[in-house]
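Comments concern the structure below.
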Amino acid sequence: MNGNGAPPRVGDVTTPSASGTAARTRLERGRGALGPALELVHTGRAPTRAVLTAELGVTRATAGAVAAELEALGLIRVDSRPGGAGGTGGAQGRPSHRLSVAEDGPVALAAQVHSDGFRAALVGLGGRIVATAPGKVTVSADPAQVLGAVVEAGAELLAQSGRRCVGAGLAVPSAVAEPDGTALNPLHLAWPAGSPVRAIFAECVKAAGIDGPALTGNDVNLAALAEHRHGAGRSAQHLLCVATGHRGVGGALVLDGRLHSGSSGLALEVGHLTVNPEGRACHCGSRGCLDVEADPLAFLTAAGRSPGPEVSLLQQARDLLRDEPAEPAVRAATEELIDRLGLGLAGLVNILNPDRIILGGLHRELLHADPERLRAVVADRSLWGRSGGVPILPCTLDHNSLVGAAELAWQPVLDDPLGALA
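Adding 126 to a residue's 1-based position in the sequence shown gives its number in my numbering.
Spelled out as structure tokens, the structure:
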């Protein structure tokens, strides 16, 4: 305890003389535990101080010091009021202090660009979307113009909120090559191949006076990261995410709790798996790729519907599937896309052996439409599917690519809270 009867803070520089060495050791250990502790609270895995103590493998005193320091940084809240706590504290069965992210704490600026526009948001710890600014605009072929507009929208949100910003993250519908952050194939945006989106985004963020790092990633990769930390992918060790948004199909893999991006950020371009050798021509030069056989345009085409300009292709496909599921052409299109998607998933299961598959975008609606058909195709066409089955679940987060973009900006804080917020 310090002179006020509170647990010693990790940042304290003085300790009681009678136990100076032990206290200094505890505080040093606590500094190293700040990041892991914050991640546990951020992902909902440490709802109480007792759980935090057990997960970190430290003493109660060290866990208390760590929690106090994170609270002092404005990142979490520690509630010592009795009742409602999951788990108990000491031997007398006292309720453990409850831990939660600070609802009024810092935020990250998150942005997403797709073929039908962009969206900017402020996202707090815990994956909480604090505010959004949808930008239904025509996405021009000039990435600097588009990213300037999305950062401007985000800067307005920040000014209105008065919150501290830890950084910015951007999700784009393209493979993003590392280490330069270039968008290799932003075909559905009509941006030049190899556009330096990270550099452009960072320049716009800096020009807007926004502090912190500015990072960029593929939209499906970031959706998988968000779902793994806050949604349907929690607790999965080997998580496969496949999704179709406004155009095309993307995939992502989380291995041992970490996003797998390959040697240069280009892993799991699942959209170019061939699922119909005699199928539609793909922009990659091949035919019958998942990218053109299982996206919203493919669904509308298979159902005999001509896409209109009023709303996005994704919304048109969702509306059709919701409003006319029993119409023969719609039902046939649903079965066709489920079969194509199932073939692609089966191939990925044979190669990757995930312990869970999650589906996003239109694929989530296809799973809801006929879950047994999709699971049967995967089981029939994959060795691991036949041996016991792989759970196939819908993504659960709204705007998961946005939340994932924010995770990019939050990561330095999760790695080193004191250093990042100094």
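By construction, the Cβ of each residue, glycine as well, lies at the ideal position given by its N, Cα and C atoms.
Grab the span of the alpha helix (DSSP H) containing residue i for me, first residue to last.
i: GLN238; result: That residue, GLN238, is in no alpha helix (DSSP H); its beta strand (DSSP E) goes 233-240.
i: ARG507; result: 497-507
i: LEU182; result: 175-182
i: THR188; result: 186-198
i: GLY530; result: 526-541
i: LEU273; result: 269-287
i: ARG324; result: 323-333
Among residues of its own chain, excluding the 5 on either side of residue i, which ones have a beta-carbon nearer than 8 Å to its beta-carbon?
i: GLU419; result: VAL401, ASN402, GLY405, ARG406, LEU463 and ARG466
i: VAL192; result: VAL136, GLY156, ALA159, LEU160, ALA163, LEU178, LEU182 and VAL184
i: ASP541; result: GLY161
i: GLY216; result: With a pLDDT of 45 at GLY216, under the threshold of 50, the predicted position of this residue should be treated as unreliable, though the coordinate-derived value follows. The residues are ARG186.
i: GLY383; result: HIS354 and GLN363
Which residue marks the beginning of the beta strand (DSSP E) containing residue i, and which one marks its end?
i: THR460; result: No beta strand (DSSP E) holds THR460; the alpha helix (DSSP H) holding it covers 454-478.
i: LEU379; result: 376-381
i: CYS291; result: 291-298
i: LEU446; result: Where LEU446 is concerned, there is no enclosing beta strand (DSSP E), although the alpha helix (DSSP H) it sits in stretches over 439-449.
Measure the Cβ-Cβ separation of residue i and residue j and say whether it is below 7 Å.
i: ALA340; j: ALA328; result: yes
i: LEU164; j: ALA172; result: no
i: ALA535; j: VAL292; result: yes
i: ILE202; j: VAL167; result: yes
i: SER241; j: HIS372; result: yes
i: LEU310; j: ALA297; result: no
i: LEU366; j: ILE483; result: yes
i: LEU160; j: PRO543; result: yes
i: ALA334; j: ALA281; result: yes
i: ASP417; j: GLY374; result: yes
i: ALA358; j: ASP481; result: no
i: VAL323; j: VAL277; result: no
i: ALA257; j: LEU283; result: yes
i: LEU381; j: HIS409; result: no
i: ASN476; j: LEU426; result: no
Sort out for me which residues DSSP pairs residue i with in a bridge.
i: PRO520; result: LEU485
i: ARG431; result: Note: ARG431 sits in no beta bridge, so no partner.
i: GLY371; result: BP columns for GLY371 are empty, so no partner.
i: LEU385; result: VAL380
i: HIS364; result: LEU381
i: SER226; result: ARG203
i: ASN344; result: VAL298
i: CYS415; result: THR400
i: GLY243; result: HIS240
i: ALA407; result: ARG413
i: VAL167; result: DSSP lists no partner for VAL167.
i: THR264; result: According to DSSP, THR264 bridges with nothing at all.
i: ALA259; result: ALA246
i: ALA303; result: THR308
Tell me, to the nearest whole angstrom, how far the beta carbon of residue i is from that of residue j; I am working on the premise that it is less than 8 Å.
i: ASP345; j: GLY376; result: 7 Å
i: ALA459; j: ALA428; result: 4 Å
i: VAL437; j: LEU447; result: Not really, about 14 Å apart at Cβ, beyond 8 Å.
i: ILE518; j: LEU478; result: Actually they are not in contact, since the Cβ atoms of ILE518 and LEU478 sit about 14 Å apart, beyond 8 Å.
i: ALA369; j: LEU485; result: 6 Å
i: ALA352; j: LEU523; result: 6 Å
i: VAL396; j: LEU474; result: 6 Å
i: HIS398; j: THR169; result: Not quite, the Cβ-Cβ distance comes to about 32 Å (not below 8 Å), so this is no contact.
i: PRO433; j: LEU439; result: 6 Å
i: CYS521; j: ARG490; result: 6 Å
i: SER321; j: PRO269; result: 5 Å
i: ILE255; j: HIS525; result: 6 Å
Against chain C, with Cβ distances strictly below 7 Å, would residue i count as a contact?
i: VAL529; result: No chain C is present in this structure, which holds just one protein chain.
Between which residues of its own chain and residue i is the CB-CB distance below 6 Å, once the five residues before and five after are set aside?
i: ALA236; result: ALA247, VAL249, GLY295, LEU528, ALA531 and ALA532
i: GLY210; result: Confidence at GLY210 is low in this model, with a pLDDT of 47, below 50, so its placement is unreliable and no value can be given for it.
i: HIS386; result: LEU379 and ALA393
i: LEU547; result: LEU199
i: ARG245; result: GLN238 and PRO260
i: GLY487; result: ALA369, THR370 and GLY371
i: THR342; result: LEU296, VAL302, GLY307, VAL323, ARG324 and PHE327
i: VAL504; result: GLY468, LEU471, ALA472 and GLY511
i: ASP205; result: ARG224
i: ARG413; result: GLY405 and ALA407
i: GLU450; result: VAL456
i: ARG290; result: PRO232
i: GLY430; result: ALA455
Cutting at 7 Å between CB atoms, please list the residues of its own chain near residue i, excluding the five before and the five after it.
i: ALA325; result: GLY307
i: GLY213; result: Below a pLDDT of 50, predicted positions are generally treated as unreliable, and GLY213, at 44, falls in that range; the measurement from the model is reported next regardless. Cβ within range, chain order: THR174, ALA176, VAL177 and SER222.
i: LEU196; result: LEU160, ALA163, LEU164, ILE202 and PRO543
i: GLN537; result: none
i: GLY231; result: GLY200, LEU201, GLY250 and LEU251
i: LEU313; result: HIS409
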